[in-house]
Each structure stands twice: as structure tokens, then as C-alpha cells.
Amino acid sequence: MAQDLMLRANKAALAMEPVALYNYYVQIIANTGTYYRKVSFYEAIPPFQVIDLCQSSPRGPLQTATPLAANAQGSKLTATNYGLWQGEFGQWRWFPLDDAQIQLFVPAGNAKWSLKNLQVGIDRAIIYRDPLLNSTEFFTWQEEWPAFQALNFSAYSLTAVRIVTFGYRFHTNAIVEAPNTNFNCPKGTLDGLQNGTIPCTTIFCKAQAGSGN
Amino acid sequence: MDTFGLTSLDRGYRVTGAVVNLATAGTAGATAIFTVSNNANQIGTKSFKARKISVQNLLAGTCWLYLGTGTGGTFASMMVPLRCVQSMDTEWTEFELNGVEFFVNMTAYPDVLIAGGSLNVQVEGEEIG
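Same order as they appear, the protein sequences are chains A and B.
Whatever position you read off the first sequence (first residue = 1), add 20 for this note's numbering.
Whatever position you read off the second sequence (first residue = 1), add 1493 for this note's numbering.
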């Protein structure tokens, strides 16, 4: 059975478009608050293994793995390798390289893809059925790390549960209006962004829990 | 299978190991025949599957070649042994080999050997990760 999933990941990365471009205004809704900022730089992040849920931080290959037993659910583990510099947000897509079902949390306390009755997870088949991985996309803000939890639904233990990810990192600056020193936008921009007269892109950098009504 | 359609290439990297001579019978003779990529500074975990195994029987007698991990007393069998016939060369390709995934070095040993005989073994692995 051929299975170079990394090749598929690279093809998916080729087709992924950044959510914002240079000088875009963005409204970042993070776990810690809402921020209006301006994109100053972005770059694509090629596919890489961000975490192996069977190994402890920093998850190097030489560390002893703790296999995930058959029909067992592993611990929820924070993927600190998603950490970004100050003022940066990330746009990510991902898939598991190994045979487990994975649930995502953004950040660790907020379940992603929550319905009223369950939290949807994905498994390795996602890269065959959604080759561009659109449905796996999520955003992070600075060091508000996401977390993953693996479920081994198979009848054999897994030596590794590796997550491969790719996407974009965006550096943003705070909005400084003229005539302030080092201004980067006209006077009144922040008011315009907040009241909707100036367009901006909303970046939702967290999972959203449901509410009673 | 190539659902995206850019290329029919749907493979990991094929890497060929060195020719390894196995001259000691039994688990005491278990020797690495393919080495997993494991640099301490690399990002991520590499694994591989054996996609092709070539064996040259050098007057070793007909024997079983056991395939697994670990050496000596720690050897753990991972695949069904392969029959190596006296003075013959044999190749097993991915059509015959189960896709067992190795996260550590793959090792092997012959169960018996005629005195002075040995096996030359070479593995072509497909790297994942």
C-alpha cells in the first residue's frame, strides 16, 4: 500500500491561499481578546511534523515513545510548536500521519468542531477525501497553542501519532494613526474598522463553544 | 490512487540500505539490515516499511531469515521469516512483504548456517514521515 502522505501535504499546501495579504486590516478574535491590526508580512510554512502525540516534549525522534494502546484515548497534548512571535497569527491545515482519530482544541480548553452532541474529529483518511484539507483549517494567535487528543480506534497499539501541518504565518502591527510618529494608517482608521465603514478580514483564532440559546 | 491529479507519484522516498553480511546463526547474530533516520535534531519522527529484500545465500544451507527489531536477546520478530534456499539468491518485493512499519532499525538473523556459510542481505525501505 503506497502511502506517501507527505507528498499529498505538499500538494495541498500549493493550493492553499493566505487569508490576508500585505497591508490588509485584520480583526483578530483570540482567546485573550479582540484586536484590530494591519498585516506587515506573511510567509508560507511548508509541511512539517508539529507533534507526535506518543512522545513527550520536545518530541524528538530519539525519545522513547509511549505507544497508544488499542482502543484507547490518549492525553490531550498542547502543540507548542505552533507558537508564533508576538503580533503574529497563523493559518493552518493539518492531518494525522498515523492511524488514529484526532480531536482539535484551540486553545487547549476550547473544543474545535463541537456540535451539541459530540466533537468531530478527523483521521488519516481526510487527506484522501479532502485532498486540499480545507475542512481542517484553523487559526492561532501568538502563543495560544492548540492541543490535540488522539483516539486509537484500531486493534493494535500505535508507536507514533504524528500530526503534519502547514499554512501561513502573518506578522501584524498595531494600528497607529496619523499624525502619530511612525503612523501606518490615516486618522480615524480604528473607528472606521470598529464601526464597519472600513473593511477588514476577521480572523477567528479560537474554537467557539456553543451556548444555551 | 491520486485524487488530486497533479502526478501519479504516490510514494515515500525509497532508500537502499547497505549490503549486510549475516554470518552468525540464532538471535545472537541479529544485525541491523536497515537503519531508520533518527538524527537528534531533525523535526518529526521518521519510520519506514521494507519494500524489497534481496538475499544472497553464500553456501549457508537452506535456512529461515528472521526479520524484526533489536539484537541478541532483545530481538523481537516483526514479520514472518523468509525461506532462503542453499546457494540461491532470492528477492521479495512489496507484493510479497507485509507493510510492517519500523520506527527503529530493522534487524535480521538466519536460524541455522552451515559452518563457513553466510547470507548477504540488502533492504530497500520506503520512508514515511
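No residue lacks a Cβ here, since even glycine has one placed at the ideal position from N, Cα and C.
Counting along the chain, where does the beta strand (DSSP E) carrying residue i start and finish?
| i | result |
| --- | --- |
| K1545 of chain B | 1540–1551 |
| E1617 of chain B | 1611–1621 |
| E37 of chain A | Taken as a continuous stretch (DSSP letters only), E37 of chain A belongs to no beta strand (DSSP E), as it is neither H nor E. |
| I1607 of chain B | Taken as a continuous stretch (DSSP letters only), I1607 of chain B belongs to no beta strand (DSSP E), as it is neither H nor E. |
Expressed to the nearest angstrom, what Euclidean distance is found between the alpha-carbon atoms of residue i and residue j?
| i | j | result |
| --- | --- | --- |
| Q93 of chain A | F173 of chain A | 8 Å |
| P78 of chain A | V1548 of chain B | Here the model assigns P78 of chain A a pLDDT of 49, short of 50, so the residue's position is not dependable and the matter cannot be decided. |
| N91 of chain A | A175 of chain A | 6 Å |
| F1568 of chain B | S1611 of chain B | 19 Å |
| N1550 of chain B | Q1615 of chain B | 12 Å |
| N1532 of chain B | Q75 of chain A | 16 Å |
| G80 of chain A | Q1535 of chain B | Confidence at G80 of chain A is low in this model, with a pLDDT of 49, below 50, so the placement of that residue is unreliable and no value is reported for it. |
| R144 of chain A | A180 of chain A | 13 Å |
| L34 of chain A | G1554 of chain B | 54 Å |
| Y1506 of chain B | S1530 of chain B | 12 Å |
| M36 of chain A | A85 of chain A | 32 Å |
| W105 of chain A | Y55 of chain A | 16 Å |
| I147 of chain A | P38 of chain A | 20 Å |
Could you pull the start and end residues of the alpha helix (DSSP H) that residue i belongs to?
| i | result |
| --- | --- |
| L210 of chain A | 209–215 |
| K31 of chain A | 25–34 |
| Y188 of chain A | Y188 of chain A -> not in any alpha helix (DSSP H); beta strand (DSSP E) instead, spanning 182–194. |
| I49 of chain A | Careful: I49 of chain A lies outside any alpha helix (DSSP H), inside the beta strand (DSSP E) at 45–50. |
| R144 of chain A | From DSSP, R144 of chain A is part of no alpha helix (DSSP H); its letter is neither H nor E. |
Are residue i and residue j closer than 7 Å when you measure CB to CB?
| i | j | result |
| --- | --- | --- |
| D234 of chain A | T1538 of chain B | Past the boundaries of the shown model lies residue 234 of chain A; chain A is included only from 21 to 233, so the question cannot be answered. |
| F125 of chain A | A167 of chain A | yes |
| I183 of chain A | P116 of chain A | yes |
| G1618 of chain B | S1540 of chain B | no |
| D118 of chain A | L210 of chain A | no |
| I170 of chain A | I223 of chain A | Strictly speaking, residue 170 of chain A in this sequence is Ala, with Ile absent from that position. It is not a contact, given that the beta carbons lie outside the stated cut-off. |
**Request:** Name, going along the chain, the residues of the segment 1522–1546 of chain B whose beta-carbon falls closer than 9 Å to a beta-carbon of chain A.
**Result:** V1529, S1530, N1531, N1532, A1533, N1534, Q1535, I1536, G1537, T1538, K1539, S1540, K1542
**Asked** For the segment 1592–1603 of chain B, which residues have a beta carbon sitting closer than 7 Å to at least one beta carbon of chain A?
**Response** Taking 7 Å as the Cβ-Cβ cut-off, the segment 1592–1603 of chain B approaches chain A at G1592, F1596, given in chain order.
**Request:** Residues of the segment 115–127 of chain A with a CB closer than 8 Å to any CB of chain B: list them in chain order, please.
**Result:** Residues of the segment 115–127 of chain A that bring their beta carbon within less than 8 Å of a beta carbon in chain B comprise L117, in sequence order.
**Item:** chain B contacts made by the segment 175–197 of chain A, where a contact means CB separation under 7 Å
**Value:** T179, A180, R182
**Prompt:** Are the segment 56–64 of chain A and the segment 145–156 of chain A touching, with three or more C-beta to C-beta distances below 8 Å?
**Reply:** no
**Item:** Segment contact flag, the segment 1519–1533 of chain B with the segment 1580–1593 of chain B, C-beta cutoff 8 Å, min 3 pairs
**Value:** no
**Asked** Using a beta-carbon distance cut-off of less than 8 Å, what residues from the segment 47–77 of chain A approach chain B?
**Response** F68, Q69, D72, Q75
**Prompt:** Quick check: the segment 211–230 of chain A against the segment 1560–1580 of chain B, are there 3 or more CB pairs under 8 Å?
**Reply:** Proximity of the segment 211–230 of chain A to the segment 1560–1580 of chain B falls short of the contact definition, fewer than three beta-carbon pairs being nearer than 8 Å.
**Prompt:** Does the segment 1596–1605 of chain B come within contact of the segment 1510–1520 of chain B, defined as at least 3 CB pairs closer than 8 Å?
**Reply:** yes
**Asked** Would you say the segment 203–221 of chain A touches the segment 130–143 of chain A, given that touching needs at least three Cβ pairs under 8 Å?
**Response** no
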